[in-house]
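All residue numbers for the sequence shown refer to this note's numbering, where the first residue is 12 and numbers rise by one. A short worksheet on the structure shown next.
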Amino acid sequence: PGSSSAIGSLAVRLLGARDLPGQGYFIPINAFAVVGVGAQHFESPKAPGCNPKWDCSFKFDVHRYDTVLCISVQREGWLFEDSVLGKLEIPFLDIEEWSGHPIGRVLEAVDPEAVATGQCMVLELCASFEWF
C-alpha cells in the first residue's frame with residue numbers, strides 16, 4: 012500500500028468546552044472548534060457563552076500512527092476576524108489509551124492574559140480508532 016492508503020479511521024465526538032474567557036458586553040458571542048488531522052479539517056457548530064456545548068461528530072481517515080489530533084477553539088468575529096482562544100494537540104497514542112472514554116484536556120491559551128488567574132480552559136471529547 013502507498014503512503015496515501017488509509018490504515019484506519021478516527022471517530023471524534025466533540026462534546027464542548029468549559030471556562031472560556033469572557034466575551035462581548037451586550038450579546039453572547041459564539042465559540043466554535045476547528046478539529047484536524049493532517050490536511051483534514053472540520054468545524055463544529057457555533058454556540059454562545061463561556062461553556063459552549065457542541066456535541067458533534069467527525070470522522071478522519073488515518074494514514075499514520077505517529078500523528079496528532081489538533082483542535083483550536085475560537086470565538087466568532089463580529090466585525091473582525093475570528094479569534095483563537097486556545098489550542099491543543101493530542102497524540103494518537105494518548106487517544107488509543109482513552110479510546111471510547113470521555114477525555115478532558117486543558118487548552119493552551121493563545122493569550123494567557125485573557126484567562127483569569129488560576130482558571131483553565133478545558134475541552135471535552137471522546138475519540139476512538141477503527142483499524143483496517
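Here a beta-carbon is modelled for each residue, glycine too, at the ideal position from N, C-alpha and C. Just so we're clear, the structure is a prediction, and the values are computed from it rather than from any experiment.
Where the beta strand (DSSP E) through residue i begins and ends
| i | result |
| --- | --- |
| Leu118 | Per DSSP, Leu118 belongs to no beta strand (DSSP E) and is neither H nor E. |
| Glu108 | No beta strand (DSSP E) holds Glu108; the alpha helix (DSSP H) holding it covers 103 to 108. |
| Asp30 | No beta strand (DSSP E) holds Asp30; DSSP gives it neither H nor E. |
| Cys67 | 64 to 73 |
| Ala50 | No beta strand (DSSP E) holds Ala50; DSSP gives it neither H nor E. |
Expected contact under 8 Å - CB spacing of residue i and residue j to nearest Å
| i | j | result |
| --- | --- | --- |
| Ala42 | Leu25 | About 12 Å; that fails the 8 Å criterion. |
| Pro63 | Ala28 | 6 Å |
| Trp142 | Gly49 | Actually they do not touch by this definition, with Cβ atoms about 17 Å apart. |
| Arg86 | Ile38 | With a Cβ gap of about 13 Å, Arg86 and Ile38 do not count as contacting. |
| Gln51 | Asp72 | 7 Å |
Bridge partner(s) assigned by DSSP for residue i
| i | result |
| --- | --- |
| Ala44 | Val84 |
| Glu124 | Partner(s): none; Glu124 has no beta bridge. |
| Ser94 | Arg86 |
| Ala58 | Ala42 |
Neighbourhood of residue i by C-beta, 6 Å cutoff - its chain only, sequence neighbours within 5 removed
| i | result |
| --- | --- |
| Gly115 | Val133, Glu135 |
| Cys61 | Leu31 |
| Ser83 | Val45, Val95, Lys98 |
| Lys70 | Ser20, Ala22 |
| Gly47 | Cys81 |
Own chain residues within Cβ distance below 7 Å of residue i, not counting five before or after
| i | result |
| --- | --- |
| Val79 | Glu100, Ile101, Pro102, Phe103 |
Other residues of its chain near residue i: CB distance less than 8 Å, five sequence neighbours each side excluded
| i | result |
| --- | --- |
| Glu107 | Phe140 |
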